[in-house]
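Trainee: When we follow numbering that gives the first Met the number 0, the leftmost residue of the sequence shown carries the number 0, and every step to the right adds one. All C-beta atoms in this analysis are idealised placements derived from N, C-alpha and C, irrespective of residue type, glycine included.
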Amino acid sequence: MNKGWRIAVLLVLVMSFIGGCMGKKEVLEPIKPSKIKLVYQDEDAFYRDYGKYFNMKYPQIEVEVIPQVQVLKNLGKMIHADEYEAEVKKLLEKTDADVYMLDSGMFKQFATDGKLYDIEEAIRQDGYNIEEFMPGLIDSIKNLGNGKLYGLAPQVSIGALYYNTKLFKENQIDPPTNKMTWEEVLQLAARFSNVKNGNRPVHGLYFSNGHAGNLMFDIADTSGLKLFDPKGKKVLINSDGWKKAMKMAVDAVRNNAVYFRPEDQMYSSKSDFFDDGVAAMTISGPPATYAVRFNDGEPVDWEVVTVPIEPGVESTNVSFYPLFAVSANSTNKRAAWEFVKFTSGSEMAHARSRTMTGNLPSRTGYLKEFKGKSMEPFYMLKTQHNSVWMNDYVPIPFFGKFYKTLEEELQAVIDHKKSVDEAAAALEIKGQELLSKLQEEAKQKTKGNT
């Protein structure tokens, strides 16, 4: 009796499962001839970047491109970042686009506003492979969508540490290795403080722009520091973590371990010290972004390792643009999803690995080397999208204005006119005043527009 009861229950469960599977409706219907709308830079750029590949695989799906360049025409010659963003948002909303091409800020806003379609069920339905993406990338995109996956990024911008193999060999200095800390990299750079290449001094770690503040922010990013509280109400630079980052940056400048290209040479193609063979190391993106790395003179024999890391964390910041997403209101979600998954699929990753336009394919395993140099370090660390500056509540003008104040305070420390503690305290006070002022102005402007 007991055995018969168990068999009966098992049969009921099996039949329920089979019935559920047979009656379950697919998340998205099969592909059929259709048309989707997409806002892109212009039609030529779309065809060059994605269109020609997509048309070959999906001749049954027509793509109507709505040029984003018309936003620039509407705004005229003087363009402000906040105005441009507002105009792009209007364009995306009024066109009823099926596929959105977004930066991370607008992606997050659209996700919060319920304008994006959650693609996780479609991924499961199609068996779409997301395991090939760079470590941490899918989680970073989910963080922008409050834990839900609303889009994919076909390419990423990420840095690595380049080094001049000849300079290290000639001076009998061990070259950098993967997963070094900032302390180790700066100590290594300091060993070149008295080295010359001919009559020119060699710089241990070279930055093509900026000043000590850039280095401080790079160190702070690696350490996971934040410049603001979560609500963007307070500036948080007067802390032990920030003071440590500030001291490391200042000491590196004083010790001649780092060198920043002078501002008056910023746009000169003849002033890149790494290409000229007088910089031992530099941090840069993929090789194609370094326009003059292969100059007319003797080419620099370079290798690449990961950017410096925080011990035990082994992650690096990454930026991604564009993020492609399906509109929650699209009537052609299947066709729109086919486009989104195609742009981040294996075929496009393979095509992108051959062109090297300055960004990397977000899928691993497709770009293993470039001109005989290993690209593995670019993919070695877990990615995160979480810089010290990121905060949706902070007005955009804050960054440019605060940066000038930061430069002045750090220079005072470098010149021994202030201590690190004094500079950090001054920066927090001045930063707080600036933040409060700009937020009040933004509040009054919003009131005036209503």
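1. How should I140 be labelled, buried or exposed, when 16 other C-beta atoms within 10 angstroms of its C-beta is the threshold for buried?
2. Grab me the residues of E337's own chain with a C-beta within less than 8 Å of its C-beta, minus the 5 sequence neighbours each way, in chain order.
3. Going along the chain, which unbroken runs of the alpha helix (DSSP H) with 4 or more residues stay wholly within the region 86-145?
4. Are the beta-carbon atoms of L366 and Q154 separated by less than 8 Å?
5. On the criterion of 16 or more Cβ atoms from any shown chain inside 10 Å, does P394 qualify as buried, or is it exposed?
6. When DSSP labels each residue in this structure, what does R292 get in the three-state scheme?
7. Go ahead and label I218 buried or exposed: buried means 16 or more other beta carbons lie within 10 angstroms of its beta carbon, across all protein chains shown.
8. Given a threshold of 16 other Cβ atoms within 10 Å of its Cβ, counted over all protein chains shown, does R362 qualify as buried or as exposed?
9. Could you give the distance in angstroms between the alpha-carbon of Y116 and the alpha-carbon of S373?
10. If I measure Cβ to Cβ from S318 and keep anything under 6 Å in the same chain, skipping five residues before and after, which residues do I get?
11. Please report the residue range of the beta strand (DSSP E) in which G203 lies.
12. Tell me whether F398 is buried or exposed, calling it buried when 16 or more other Cβ atoms sit within 10 Å of its Cβ.
13. Give the single residue among L409, M379, D414 and E346 whose Cα lies nearest to the Cα of F53.
14. Is it buried or exposed for I35, if we count other Cβ within 10 angstroms and need 16 for buried?
15. Looking at the structure shown, is P32 part of a helix, part of a strand, or coil, going by DSSP?
16. Where does N170 fall in DSSP's three states?
17. On a Cα-Cα basis, can you pick out the residue from K332, V306 and A85 that is closest to E375?
18. Are the region 411-418 and the region 380-393 touching by the rule of at least three beta carbon pairs closer than 8 Å?
19. What does the Cβ neighbour count give for E68, buried or exposed, with the cut at 16 atoms within 10 Å?
20. How big is the Cα-Cα spacing for T342 and K429?
21. I'd like the span of the alpha helix (DSSP H) that includes Q186, first residue to last.
22. Using the Cβ count rule (16 or more neighbours within 10 Å means buried), how would you classify N1?
23. Straight-line CA distance for A135 to K381?
24. Pick helix, strand or coil for P396, following the three-state DSSP scheme.
25. Is it right to say R47 is buried, meaning 16 or more other beta carbons lie within 10 angstroms of its own, or is it exposed?
26. Assuming Y161 contacts T281 under a Cβ cut-off of 8 Å, what Cβ separation, rounded to an integer in Å, is found between them?
27. Tell me the residue span of the alpha helix (DSSP H) that contains L214.
28. Ignoring anything shorter than 3 residues or poking outside the region 297-354, list the beta strand (DSSP E) runs there in chain order.
29. Can you tell me whether K452 is buried or exposed? The criterion is at least 16 other CB atoms within 10 Å of its CB, across all chains shown.
30. Nearest-angstrom Cα distance between E119 and V277?
31. Who are I60's beta bridge partners in DSSP?
32. Mind checking K444: buried by the 16 CB within 10 Å criterion, or exposed?
33. If L224 sits next to G212, beta carbons under 8 Å apart, how far is it from one beta carbon to the other, in whole angstroms?
34. The beta strand (DSSP E) that contains Y149, what's its start and end?
Mentor: Well, looking at it:
1. Residue numbering aside, residue 140 sits at position 141 when the sequence shown is read from its first letter. Burial of I140 is indicated by the presence of at least 16 other C-beta atoms within 10 angstroms of its C-beta.
2. Mapped onto the sequence shown, residue 337 falls at position 338. Excluding residues within five positions, the ones whose Cβ falls inside 8 Å are I30, Y57 and I60.
3. Counting only runs of 4 or more residues that sit fully inside the region 86-145, the alpha helix (DSSP H) segments are 103-111, 119-125 and 136-143, in chain order.
4. What you label residue 366 is simply residue 367 of the sequence shown in a count that begins at 1. What you label residue 154 is simply residue 155 of the sequence shown in a count that begins at 1. If you check the CB distance, L366 and Q154 do not come in under 8 Å.
5. Looking up residue 394 in the sequence shown gives position 395. Buried, since its Cβ has 16 or more Cβ neighbours within 10 Å.
6. As a position in the sequence shown, residue 292 is number 293, starting the count at 1. A caution first: R292 carries a pLDDT of 47, below 50, which makes its placement in the model unreliable, though a value can still be read off. DSSP places R292 in coil when its eight states are reduced to three.
7. Within the sequence shown, numbered from 1, the residue matching residue 218 stands at position 219. Buried, because 16 or more other Cβ atoms sit within 10 Å of the Cβ of I218.
8. Here residue 362 is taken as the residue at index 363 of the sequence shown, counted from 1. Looking at its Cβ environment, which holds 16 or more other Cβ atoms inside 10 Å, R362 is buried.
9. Stepping through the sequence shown from its first residue, residue 116 is reached at position 117. Stepping through the sequence shown from its first residue, residue 373 is reached at position 374. Roughly 37 Å separates the two Cα atoms.
10. Taking the first residue of the sequence shown as 1, we reach residue 318 at position 319. Excluding sequence neighbours, S318 sits near S156.
11. Here the question's residue 203 lines up with position 204 in the sequence shown. Element bounds for G203: H202 to F206.
12. On the sequence shown, position 399 is the one that residue 398 refers to. With fewer than 16 other Cβ atoms within 10 Å, it is exposed.
13. Working through the sequence shown from its first residue, we reach residue 53 at position 54. Just measuring C-alpha positions, the residue of L409, M379, D414 and E346 sitting nearest F53 is E346.
14. Residue numbering aside, residue 35 sits at position 36 when the sequence shown is read from its first letter. So I35 counts as buried.
15. Position 33 of the sequence shown holds residue 32. The answer is coil: DSSP assigns P32 none of H, G, I, E or B.
16. Looking up residue 170 in the sequence shown gives position 171. Note: N170 maps to coil in three-state DSSP.
17. Position 376 of the sequence shown holds residue 375. Checking every option, the nearest Cα to that of E375 belongs to V306.
18. Counting C-beta pairs with one atom in each stretch, the region 411-418 and the region 380-393 have fewer than three that are closer than 8 Å, which means they do not touch.
19. Translated into the one-based positions of the sequence shown, residue 68 becomes position 69. The identity of residue 68 in the sequence shown is Val, whereas the question assumes Glu. For V68, the number of other beta carbons within 10 angstroms of its own is below 16, and it is reported as exposed.
20. Here residue 342 refers to the residue found at position 343 of the sequence shown. Here residue 429 refers to the residue found at position 430 of the sequence shown. Roughly 45 Å between the two C-alpha positions.
21. Numbered from 1 along the sequence shown, position 187 holds the residue referred to as residue 186. W181 to A189 is the span of the alpha helix (DSSP H), which, as asked, contains Q186.
22. Taking the sequence shown and counting its residues from 1, the one referred to as residue 1 is at position 2. Legend: pLDDT at N1 = 47, less than 50; position of this residue unreliable, value from coordinates given subsequently. Per the 10 Å Cβ criterion, exposed.
23. Indexing the sequence shown from 1 puts residue 135 at position 136. Indexing the sequence shown from 1 puts residue 381 at position 382. For the sequence presented, residue 135 should be read as Gly rather than Ala. Here the C-alpha atom of G135 lies approximately 5 Å from the C-alpha atom of K381.
24. One-based indexing of the sequence shown puts residue 396 at position 397. P396 falls in the helix class under three-state DSSP.
25. Counting from 1 along the sequence shown, the entry for residue 47 is found at position 48. A residue is called buried when at least 16 other Cβ atoms come within 10 angstroms of its Cβ; R47 does not meet this threshold and is exposed.
26. Taking the sequence shown and counting its residues from 1, one reaches residue 161 at position 162. Taking the sequence shown and counting its residues from 1, one reaches residue 281 at position 282. Contact between Y161 and T281 holds, since their C-beta atoms are separated by about 5 Å, short of 8 Å.
27. The count along the sequence shown starts at 1 and reaches residue 214 at position 215. Annotation for L214: the continuous alpha helix (DSSP H) segment containing it runs A211 to S222.
28. Taking only runs of at least 3 residues, the beta strand (DSSP E) segments lying wholly in the region 297-354 are 301-304, 314-316 and 322-325.
29. This structure cannot settle anything about residue 452, because the visible part of the chain is limited to 0 through 449.
30. Numbered from 1 along the sequence shown, position 120 holds the residue referred to as residue 119. Numbered from 1 along the sequence shown, position 278 holds the residue referred to as residue 277. Cα to Cα, E119 sits roughly 50 Å from V277.
31. Translated into the one-based positions of the sequence shown, residue 60 becomes position 61. Per DSSP, the beta-bridge partners of I60 are S33.
32. Taking the sequence shown and counting its residues from 1, one reaches residue 444 at position 445. Result: exposed.
33. Residue mapping note: residue 224 aligns to position 225 of the sequence shown, counting from 1. Residue mapping note: residue 212 aligns to position 213 of the sequence shown, counting from 1. Wrong, their Cβ atoms sit about 14 Å apart, outside the cutoff.
34. Here residue 149 refers to the residue found at position 150 when the sequence shown is read from its first residue. Looking at the DSSP string, Y149 is not in any beta strand (DSSP E), and its letter there is neither H nor E.
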